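One structure below.
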């Protein structure tokens with residue numbers, strides 16, 4: 015299938031541009047065809063849903079079309095004078111996720127001019143870092159992504175052989191950079207709107223929770239259990255994200271049900287029952303209006319269907335019920351049975367499982383019930399779920415973190431790596447490069463960024479944030495223990511204080527929170 019051609023491109027370019035759909039690299043010396051390929055490839059970049067993916071896709075396009083040795087993309091933080099890694103492809107040398115810009119380096123030249131920087135022979139340029147040459151880089155071009163005349167990001171494309179970079183080649187890259195910058199503007203605005211939307215929706219859902227469940231945390235607990243079941247069923251990352259969102263928001267439509275009906279302690283009349291049954295439709299309308307993924311909307315719409323077809327609102331049966339609805343229904347019932355209420359104590363997990371199994375095939379999907387049984391039958395998973403449920407019911411652990419989970423995970427990652435790399439730099443000056451290299455290898459096991467997904471935003475539960483917090487703390491504990499063994503506790507404390515002074519000011523409080531148990 016061909017790819018659509020922009021109206022501004024002439025018909026003679028159609029056949030050439032269709033080759034891009036086959037993902038074939040183009041000879042980089044053919045500057046006209048390269049410019050056309052980059053122009054069309056920019057459409058893929060502009061469709062990226064968030065700023066990190068914009069830079070990732072831009073790096074992927076350049077890496078493929080230019081047949082690069084390696085390609086890396088950084089966000090530039092002008093206030094701190096530092097680069098933050100966002101993408102790395104190919105045979106990359108050892109990279110620091112967060113590093114200050116050297117005054118004598120090639121990035122400094124790029125920042126001063128806001129224009130591409132080129133190195134045709136890396137071995138003879140004193141501004142090139144030795145580790146780049148050691149990694150096999152012989153030439154590279156640095157492309158600034160601008161906001162006006164200010165550099166906001168940098169993409170470095172590295173080549174394995176010396177080469178020249180003619181003006182036509184650089185002009186094609188600059189045009190591509192303008193498209194990437196426009197895409198970043200749109201993605202940043204879109205993310206800000208999504209975060210604001212998600213905050214509003216989650217606040218609404220938690221208000222409904224507090225109204226219908228005086229102890230609070232009902233939907234957060236369902237979210238934890240639903241994710242574990244989804245993982246047991248082998249759902250992919252995007253589907254898991256949408257499952258978590260549906261679990262959190264499954265009862266949001268109760269905002270449209272009168273208190274006199276929703277909180278009535280006695281049996282409902284037929285008319286009142288019909289009013290309650292409208293809440294899944296109300297919830298679906300709210301989420302559709304908020305532009306959540308259709309899968310989430312349908313999951314909420316049909317979460318109260320029954321496997322035998324006697325549920326509401328559409329009396330769907332079996333696999334005609336959306337999978338996400340079938341999954342959420344089981345943790346919903348399980349949590350309702352096991353949670354303590356003001357008027358009764360919750361049942362045991364085993365009693366609740368037995369009740370679910372009794373109704374498997376009538377009210378619930380037997381496959382989902384078996385998955386929950388398997389998850390809770392595994393001691394490690396059971397303990398993790400219990401811990402996550404406790405976390406989901408507790409106040410936020412860190413007052414320095416943003417309330418929005420997606421933002422909180424990002425701040426944790428940035429804080430962790432900023433502190434770790436500044437600490438390692440100080441450690442290297444004391445203990446030498448060889449020992450510092452061991453600390454670097456130790457940090458490589460933690461993923462740098464939380465992956466984005468179609469269901470992003472409300473999908474990251476509080477338990478997810480607290481798990482990542484515990485993970486980073488454990489890694490820092492090991493890092494500092496190793497450093498203390500080499501240079502002693504007093505010097506290690508001095509290195510910690512120095513690293514904290516060097517991290518960006520807006521990350522300092524979170525870094526201190528990550529380190530709160532150090533020295534105890």
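In the working numbering, the protein residues as written are 15 to 534. The beta-carbon is built from N, C-alpha and C at its ideal position, and this holds for glycine as well. Every value quoted in this text rests on a predicted model; they were computed, and no experiment measured them.
Each of 90, 171, 275 was checked against the Cα of residue 78, and the nearest Cα belongs to 171. Within the segment 165-253, there are no complete beta strand (DSSP E) runs of at least 3 residues. Within the same chain, 238, 239, 242, 389, 390 come within 8 Å of residue 399 by CB-CB distance, once the 5 residues on both sides are set aside. The C-beta separation of residue 97 from residue 168 comes to about 7 Å, placing the pair in contact by the 8 Å criterion. The DSSP assignment places complete alpha helix (DSSP H) segments of no fewer than 4 residues inside the segment 316-365 at 337-352, in order along the chain.
Per the DSSP secondary-structure output, residue 161 pairs in a beta bridge with 164.
Where residue 106 is concerned, there is no enclosing alpha helix (DSSP H), because DSSP gives it neither an H nor an E.
Out of 384, 337, 359, the CA that lies nearest to the CA of residue 261 is found in 337. Judged by DSSP secondary structure, residue 85 falls within the beta strand (DSSP E) whose first and last residues are 84-91. CA-to-CA, the gap between residue 247 and residue 382 works out to about 8 Å.
In its chain, beyond the 5 residues on either side, 494, 497, 498 have a beta carbon closer than 8 Å to the beta carbon of residue 506. In the structure shown, residue 135 adopts coil according to DSSP, grouped into three states.
Excluding sequence positions up to five before and after residue 369, its CB lies within less than 7 Å of the CB of 351, all in the same chain and listed in chain order.
In this structure, the alpha-carbon of residue 143 lies about 8 Å from that of residue 119. The C-beta distance from residue 103 to residue 127 rounds to 26 Å, too long to meet the 8 Å contact threshold.
Contact annotation: residue 181 and residue 134 have beta-carbon atoms that are not nearer than 7 Å. Pairing residue 73 with residue 87 gives a Cβ-Cβ distance under 7 Å.
Assignment of beta-bridge partners to residue 114 by DSSP yields 96. Rounded to whole angstroms, the separation of the alpha carbons of residue 155 and residue 433 is 29 Å.
Residue environment analysis places residue 448 among the exposed positions, since fewer than 16 neighbouring C-beta atoms fall within 10 angstroms of its C-beta. Cβ-Cβ separation between residue 501 and residue 445: approximately 6 Å, consistent with a contact (criterion under 8 Å). The C-beta separation of residue 314 from residue 269 comes to about 13 Å, leaving the pair out of contact by the 8 Å criterion. Boundaries of the alpha helix (DSSP H) around residue 289: 284-291. As computed with DSSP, residue 155 is found in a beta bridge with 132, 171. Between residue 215 and residue 349, the CB-CB gap reaches or exceeds 7 Å.
Cβ-Cβ distances below 7 Å link residue 330 to 316, 319, 323 in the same chain, with the five nearest sequence neighbours on each side left out; the list follows chain order. It is roughly 15 Å from the alpha-carbon of residue 198 to the alpha-carbon of residue 101. Contact between residue 508 and residue 437 is ruled out by a C-beta separation of about 11 Å, above the 8 Å threshold. Beta-bridge partners of residue 374 (DSSP): 378. Counted as a single uninterrupted DSSP element, the alpha helix (DSSP H) harbouring residue 527 occupies residues 519-528.
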